[in-house]
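Undergrad: Please read through the structure below; I'll follow up with questions.
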Amino acid sequence: MKGNNILSSLCYFSIFFAPFLLPIIVYFVAEDEVKYHAKKAFWSHIFPYAILFGGLAVSGIYGLSFNQSDGAGIGMMITYAVFILVGIYYFIWNIVKGVKVLKTA
């Protein structure tokens, strides 16, 4: 098994222990092939949280600007539901991608 594949796979599996830290460190110290996987893993870890913060910001702005607490509450519930679904999808995707990278070794 090649060390590059193990390191690339660890970037995806870091969803279990260091979701943001390990891919960033690997991106700055590894070779180009591993950098590609580190960048993909990092963005797949960030994306669900970007949806969460973006949705909460939009819901909050909507609630404060139009004084519609009901609409803001519904927006927050939808945001949480989308965050959970996207989070589960990317959690499984990271595991599958990590196994695929290990199998190519």
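Residue numbers 220 to 324, in my numbering, belong to the letters of the sequence shown in order. Note that the Cβ used here is the ideal one computed from N, Cα and C, for glycine as well.
(1) Ordered along the chain, which non-local residues of its own chain (more than five positions away) have a Cβ less than 8 Å from that of T323?
(2) By Cβ distance, which residues of its chain are closer than 7 Å to E250, with the 5 residues on each side in sequence left out?
(3) If we ignore side chains and look at the alpha-carbon of each, how far apart do A257 and V248 end up?
(4) Going by beta-carbon coordinates alone, are A231 and F266 separated by less than 9 Å?
(5) Over what stretch of residues does the alpha helix (DSSP H) that includes I303 continue unbroken?
(6) Just to confirm, is the Cβ distance from I171 to T298 under 9 Å?
(7) Between which residues of its own chain and F239 is the CB-CB distance below 8 Å, once the five residues before and five after are set aside?
TA: Answer, in terms of the structure:
(1) Looking up residue 323 in the sequence shown gives position 104. Hits under 8 Å: N224.
(2) Counted from its first residue, the sequence shown places residue 250 at position 31. Excluding residues up to 5 positions away in sequence, N223 lie with their Cβ nearer than 7 Å to the Cβ of E250 in the same chain.
(3) Position 38 of the sequence shown, counted from the start, is the residue given in the question as residue 257. Position 29 of the sequence shown, counted from the start, is the residue given in the question as residue 248. Distance between A257 and V248, taken at the CA atoms: about 11 Å.
(4) Locating residue 231 in the sequence shown gives position 12, counting from the first residue. Locating residue 266 in the sequence shown gives position 47, counting from the first residue. The sequence given here places Tyr at residue 231; Ala does not occur at that position. No, the Cβ-Cβ distance between Y231 and F266 is not below 9 Å.
(5) Taking the first residue of the sequence shown as 1, we reach residue 303 at position 84. I303 -> alpha helix (DSSP H) spans 288 to 322.
(6) Lying before the first or after the last residue shown, residue 171 is absent from the chain, which here runs from 220 to 324.
(7) Looking up residue 239 in the sequence shown gives position 20. Hits under 8 Å: F261, H264, I265.
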